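Data block below; observations after.
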Amino acid sequence: QVVRLDDVVGDIDMVITTTGNKGIVTRNHMAAMKNNCIVGNIGHFDNEIDMRGLLNDKTITCVNIKPQVDRFVFEDGHGIIMLAEGRLLNLGCATGHPSFVMSCSFTNQVVAQLELWKERNTKKYDRKVYVLPKHLDEKVARLHLGKLGARLTELTTE
Numbered sequence: 132q133v134v135r136l137d138d139v140v141g142d143i144d145m146v147i148t149t150t151g152n153k154g155i156v157t158r159n160h161m162a163a164m165k166n167n168c169i170v171g172n173i174g175h176f177d178n179e180i181d182m183r184g185l186l187n188d189k190t191i192t193c194v195n196i197k198p199q200v201d202r203f204v205f206e207d208g209h210g211i212i213m214l215a216e217g218r219l220l221n222l223g224c225a226t227g228h229p230s231f232v233m234s235c236s237f238t239n240q241v242v243a244q245l246e247l248w249k250e251r252n253t254k255k256y257d258r259k260v261y262v263l264p265k266h267l268d269e270k271v272a273r274l275h276l277g278k279l280g281a282r283l284t285e286l287t288t289e
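Per our numbering, the very first residue in the sequence shown carries number 132; after that it's consecutive.
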C-alpha cells in the first residue's frame, strides 16, 4: 500500500525512509507519531530524517536504549524509537556490508557492464533487466575465492 506520510503518521508503527531526499520525516511528523513508533532511514543520505529538529528541541529528551537505538520523548510523554541516529540502517545498525561482500557486489556490476559493452553491437541483450548470467557470476567467484583461502578444482571438458 502506498500512502502519504501526512495521512497515516499517527496510525503507523514504523517509518523507514528510502527516498534519498532531504527532509522527508520532519520534527512535526515525529511529534504526531504513535507512542514508540520506530523510525529509520535506508535512503541514500543521512538528512531524510530531521534529526537536527529533534536534537535542538529542548523539550524533547533522548534516552539511549542500546547502541544505535534511542528513544526520543516528547513533552506530552509519548516517544519514538530512532534507529542509528537517523543515519543509514545498513551501516549504523549492523556492521555494514563487509568489504568482501561489497567487493563481490561491485565486481558483479563491473563484469556485467563489461559484458554489455562487449555485446553492444549484437542482439544478445535487449534493453531490460537481467539476472547476471551464471558464467559471469562464477567468474566473480573465481576472482574472489583465493582471498578466502579456497582452491577450486578445474573441471575438464568431459
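We put the CB at the ideal spot given by N, CA and C, even for glycine. Values in this document were obtained by computation on a predicted structure and should not be read as measured data.
- Are the segment 206-218 and the segment 237-252 in contact at 8 Å, needing three or more beta carbon pairs? no
- Give the range of the alpha helix (DSSP H) segment to which G223 is assigned. As a working mapping, residue 223 is identified with position 92 in the sequence shown. L220 to G223 is the span of the alpha helix (DSSP H), which, as asked, contains G223.
- May I have the straight-line CA-CA distance separating K304 from H209, to the nearest angstrom? In the structure displayed, the chain extends from 132 to 289; residue 304 sits before or after that span and is not available.
- Task: Just mark A162 as buried or exposed, buried being the case when its beta carbon has 16 or more other beta carbons within 10 Å.
- Result: Counting from 1 along the sequence shown, the entry for residue 162 is found at position 31. With 16 or more Cβ atoms within 10 Å of its Cβ, A162 is classed as buried.
- Message: With the cut-off set at 8 Å, would you say I180 and V156 are in Cβ contact?
- Response: Reading the sequence shown from its first residue, position 49 is the one you call residue 180. Reading the sequence shown from its first residue, position 25 is the one you call residue 156. Cβ distance < 8 Å, so I180 and V156 count as in contact.
- Query: How long is the line joining the alpha carbons of P264 and D201, rounded to whole angstroms?
  - Reply: The residue given as residue 264 occupies position 133 in the sequence shown. The residue given as residue 201 occupies position 70 in the sequence shown. Their backbone Cα atoms lie some 43 Å apart in a straight line.
- I think G184 touches R158, with their Cβ atoms under 8 Å apart; what is that distance to the nearest whole Å? Translated into positions along the sequence shown, residue 184 becomes position 53. Translated into positions along the sequence shown, residue 158 becomes position 27. Rounded, the Cβ-Cβ distance is 3 Å, consistent with contact.
- Item | Limits of the alpha helix (DSSP H) - the one that L245 falls within | For the purposes of this step, residue 245 is taken as the residue at position 114 of the sequence shown. Start and end: S230 to K249.
- Message: Quick check on the burial criterion: 16 or more other C-beta atoms within 10 angstroms. Buried or exposed for I143?
- Response: Taking the first residue of the sequence shown as position 1, residue 143 is located at position 12. That one is exposed.
- Determine, using beta carbons only, whether L267 and L276 come nearer to each other than 8 Å. On the sequence shown, position 136 is the one that residue 267 refers to. On the sequence shown, position 145 is the one that residue 276 refers to. No.
- Looking at the structure shown, is L263 part of a helix, part of a strand, or coil, going by DSSP? Working through the sequence shown from its first residue, we reach residue 263 at position 132. Residue state, collapsed to three classes: coil.
- I169 versus T238, G151 and L220, residue with shortest Cα-Cα distance: Within the sequence shown, the letter at position 38 stands for residue 169. For the residues T238, G151 and L220, the minimum Cα distance to I169 belongs to L220.
- Task: May I have the straight-line CA-CA distance separating M145 from L186, to the nearest angstrom?
- Result: Within the sequence shown, residue 145 is the residue found at index 14, counting from 1. Within the sequence shown, residue 186 is the residue found at index 55, counting from 1. So the alpha carbons of these two residues sit roughly 20 Å apart.
- Query: Among residues of its own chain, excluding the 5 on either side of V260, which ones have a beta-carbon nearer than 7 Å to its beta-carbon?
  - Reply: In the sequence shown, counting from the first residue as 1, residue 260 sits at position 129. Excluding positions up to five away in sequence, the list is empty.
- Can you grab the Cα-Cα spacing for the pair T150 / V271, in whole Å? Within the sequence shown, residue 150 is the residue found at index 19, counting from 1. Within the sequence shown, residue 271 is the residue found at index 140, counting from 1. Cα to Cα, the separation comes out at about 30 Å.
- Item | Contact check, G223 vs Q199, beta carbons under 8 Å | What you label residue 223 is simply residue 92 of the sequence shown in a count that begins at 1. What you label residue 199 is simply residue 68 of the sequence shown in a count that begins at 1. Yes. Within cutoff.
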